[in-house]
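>
This is the structure we're talking about:
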């Protein structure tokens, strides 16, 4: 008997006596009959009971949660169930990996362009300075030749 | 009876006569007994039969494939099954989304730094030119004052 005096949701649905050590009772309280109904519909009470019995007590709660999730997915999508969700997520992972690879390539490209732009500006500046220095030197030469 | 004269893998395991219109036969051939054994262990033959009956014929093949995948995942990981795969993929999606957001932010940052670096070089070049032109003008003035 799980909580209080009511039989657990599983025993209520299966119309059987809810024993003190009922394996379902801790996970299927009487106030949430849908939770057991859906896993019973997809997996069957006997398979759930076997799965829980084969697991240590501290892992049974997680197992029930994952079975409920899986059963809901199968009821929502009877053809693909959870596998539909997996397929969608795998596509999302692939798309994100492509986008990330493109972004990384863009970073490299911009970094190279940036270096190249700065180098170009420096080169232009050097050329411009040389040209100006050339004129100044020419002027110095004329001034010097005047004083010579 | 699915293929040839042998009963299908399901009817063989369930020790029953494999009828001509057996719902399992097209998907569970006798040469792959493990395929039915695993879905039977996880979902139960009765639930699989119900699921297939509720689907149009052209979707049953996909449904069997997803049930086999799901059953294999549950046998491999009795606590989380397919939900463990979903959880892993969701984490991967989140990590990739963060990495992509960081890469996009880095692109913006580099683009701004690049513009700023070019602007700085141009400014430096202008200042340098002005300084050289200033000296030249000074020299012109001295030359002019000499001729004046």
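Chains as they are written, first to last, in this note's numbering: chain Z, 1 to 148; chain V, 149 to 296.
C-beta atoms are modelled at their ideal positions from N, C-alpha and C, and glycine is treated no differently.
Note that the coordinates shown come from a computational prediction; the quantities given were computed from them, not determined experimentally.
Is the distance from the Cβ of residue 193 (chain V) to the Cβ of residue 177 (chain V) below 8 Å?
The residue you call residue 193 (chain V) lines up with position 45 of the second chain. The residue you call residue 177 (chain V) lines up with position 29 of the second chain. Not closer than 8 Å, so no.
> Kindly provide the ranges of any beta strand (DSSP E) runs that are 3 or more residues long and lie completely inside the region 218 to 284 of chain V, ordered along the chain.
Runs found: none.
> Going by beta-carbon coordinates alone, are residue 245 (chain V) and residue 96 (chain Z) separated by less than 8 Å?
Mapped onto the second chain, residue 245 (chain V) falls at position 97. Mapped onto the first chain, residue 96 (chain Z) falls at position 96. Going by C-beta atoms, residue 245 (chain V) is nearer than 8 Å to residue 96 (chain Z).
> With 16 as the cutoff for other CB atoms within 10 Å, does residue 155 (chain V) come out buried or exposed?
Translated into positions along the second chain, residue 155 (chain V) becomes position 7. So residue 155 (chain V) counts as buried.
> Determine, using beta carbons only, whether residue 246 (chain V) comes closer than 8 Å to chain Z.
Here residue 246 (chain V) refers to the residue found at position 98 when the second chain is read from its first residue. It does not: the Cβ of residue 246 (chain V) has no partner Cβ on chain Z nearer than 8 Å.
> For residue 239 (chain V), count neighbouring Cβ atoms within 10 angstroms of its own Cβ and tell me buried if that reaches 16, exposed if not.
Counting from 1 along the second chain, the entry for residue 239 (chain V) is found at position 91. It is exposed - the Cβ of residue 239 (chain V) has fewer than 16 other Cβ atoms within 10 Å.
> Can you confirm whether residue 199 (chain V), when its beta carbon is compared against all beta carbons of chain Z, has any partner nearer than 8 Å?
The residue labelled residue 199 (chain V) in the question sits at position 51 within the second chain. Judged by the 8 Å Cβ criterion, residue 199 (chain V) is in contact with chain Z.
> Figure out for me which residue from Z:70, Z:87, Z:79 and Z:112 has the closest Cα to the Cα of residue 35 (chain Z).
Taking the first residue of the first chain as position 1, residue 35 (chain Z) is located at position 35. The residue with the shortest Cα to Cα distance from residue 35 (chain Z) is Z:70.
> Please list, in chain order, all residues of the same chain as residue 32 (chain Z) whose beta carbon is under 7 Å from its beta carbon, the five residues on each side excluded.
Locating residue 32 (chain Z) in the first chain gives position 32, counting from the first residue. For residue 32 (chain Z), where only same-chain residues beyond five positions count, the Cβ hits under 7 Å are 9.
> For chain V, is any of its Cβ atoms less than 8 Å away from the one on residue 110 (chain Z)?
Here residue 110 (chain Z) corresponds to residue number 110 of the first chain, with the count starting at 1. Yes, residue 110 (chain Z) lies at the interface with chain V (some Cβ there is under 8 Å from its Cβ).
> With 16 as the cutoff for other CB atoms within 10 Å, does residue 40 (chain Z) come out buried or exposed?
As a first step, residue 40 (chain Z) must be located in the first chain, where it is residue number 40. Classification for residue 40 (chain Z): buried.
> How far does the alpha helix (DSSP H) with residue 38 (chain Z) in it extend, from its first residue to its last?
Locating residue 38 (chain Z) in the first chain gives position 38, counting from the first residue. 33 to 42 is the extent of the alpha helix (DSSP H) around residue 38 (chain Z).
> Below 8 Å, how does it come out for the region 49 to 68 of chain Z and the region 193 to 204 of chain V: are there three or more Cβ pairs, yes or no?
No contact exists between the region 49 to 68 of chain Z and the region 193 to 204 of chain V.
> Give me, in chain order, the residues of the same chain whose beta-carbon lies closer than 7 Å to that of residue 37 (chain Z); leave out the 5 immediate sequence neighbours on both sides.
As a first step, residue 37 (chain Z) is located in the first chain; it is residue number 37 there, counting from the start. 13.
> Going straight from the alpha carbon of residue 122 (chain Z) to that of residue 270 (chain V), what length do you get?
By 1-based counting over the first chain, the position of residue 122 (chain Z) is 122. By 1-based counting over the second chain, the position of residue 270 (chain V) is 122. Each residue's alpha carbon lies about 9 Å from the other.
> In terms of residues, what are the limits of the alpha helix (DSSP H) holding residue 193 (chain V)?
Looking up residue 193 (chain V) in the second chain gives position 45. Start and end: 193 to 201.
> In chain Z, which residues lie with their C-beta within 7 Å of the C-beta of residue 255 (chain V)?
By one-based count along the second chain, residue 255 (chain V) stands at place 107. 103, 106, 107 and 110, listed in chain order.
> Counting only beta-carbon separations shorter than 8 Å, does residue 184 (chain V) have a partner in chain Z?
Reading the second chain from its first residue, position 36 is the one you call residue 184 (chain V). Residue 184 (chain V) does not count as touching chain Z.
> Taking the alpha carbon of residue 81 (chain Z) as the reference point, which residue from Z:43, Z:54 and Z:102 has its own alpha carbon closest?
Within the first chain, the letter at position 81 stands for residue 81 (chain Z). The option with the nearest alpha carbon to residue 81 (chain Z) is Z:43.
> Under 8 Å between the Cβ atoms of residue 231 (chain V) and residue 66 (chain Z)?
Sequence index remark: in the second chain, residue 231 (chain V) carries index 83 (1-based). Sequence index remark: in the first chain, residue 66 (chain Z) carries index 66 (1-based). Yes, these two residues count as a Cβ contact at 8 Å.
> Can you tell me whether residue 15 (chain Z) is buried or exposed, with buried defined as 16 or more other CB within 10 angstroms of its CB?
For this step, residue 15 (chain Z) is matched to residue 15 along the first chain. So residue 15 (chain Z) counts as exposed.
> Taking the alpha-carbon positions, what's the residue 105 (chain Z) to residue 258 (chain V) distance?
Reading the first chain from its first residue, position 105 is the one you call residue 105 (chain Z). Reading the second chain from its first residue, position 110 is the one you call residue 258 (chain V). In a straight line, the C-alpha of residue 105 (chain Z) is about 13 Å away from that of residue 258 (chain V).
> In chain V, which residues lie less than 7 Å from residue 69 (chain Z) when you measure between Cβ atoms?
By 1-based counting over the first chain, the position of residue 69 (chain Z) is 69. In chain order: 231.
> Count the other CB atoms within 10 Å of the CB of residue 326 (chain V); is the residue buried (16 or more) or exposed (fewer)?
Because chain V spans 149 through 296 in this model, residue 326 (chain V) falls outside it and cannot be assessed.
> So which residues of chain C does residue 228 (chain V) contact, with C-beta pairs closer than 8 Å?
In the structure shown, chain C does not exist; the protein chains are Z and V.
> Quick one: Cα of residue 74 (chain Z) to Cα of residue 224 (chain V), how far?
As a working note, residue 74 (chain Z) is residue 74 in the first chain. As a working note, residue 224 (chain V) is residue 76 in the second chain. Residue 74 (chain Z) and residue 224 (chain V): Cα-Cα distance of roughly 19 Å.
> So is residue 25 (chain Z) buried or exposed if we call it buried at 16+ other beta carbons inside 10 Å?
Reading the first chain from its first residue, position 25 is the one you call residue 25 (chain Z). It counts as buried.
> Residue 248 (chain V) and residue 103 (chain Z) look like a contact to me (Cβ under 8 Å); what is the Cβ gap, rounded to whole Å?
On the second chain, residue 248 (chain V) is found 100 positions in, with the first residue counted as 1. On the first chain, residue 103 (chain Z) is found 103 positions in, with the first residue counted as 1. That belief holds up - the Cβ atoms of residue 248 (chain V) and residue 103 (chain Z) are roughly 6 Å apart, short of 8 Å.
> Go ahead and pull the three-state DSSP assignment for residue 154 (chain V).
Translated into positions along the second chain, residue 154 (chain V) becomes position 6. In the structure shown, residue 154 (chain V) sits in coil (DSSP, three-state: anything other than H, G, I, E or B).
> Go through its chain and collect everything with a Cβ distance to residue 125 (chain Z)'s Cβ below 8 Å, but skip five positions before and after it.
Counting from 1 along the first chain, the entry for residue 125 (chain Z) is found at position 125. So the list is empty, once near-sequence residues are dropped.
> Are the beta-carbon atoms of residue 118 (chain Z) and residue 241 (chain V) separated by less than 8 Å?
In the first chain, counting from the first residue as 1, residue 118 (chain Z) sits at position 118. In the second chain, counting from the first residue as 1, residue 241 (chain V) sits at position 93. No, they are not a contact pair.
> Would you say residue 59 (chain Z) faces chain V, with C-beta separation under 8 Å as the test?
Counting from one through the first chain, the residue named residue 59 (chain Z) turns up at place 59. At least one chain V Cβ lies under 8 Å of residue 59 (chain Z).
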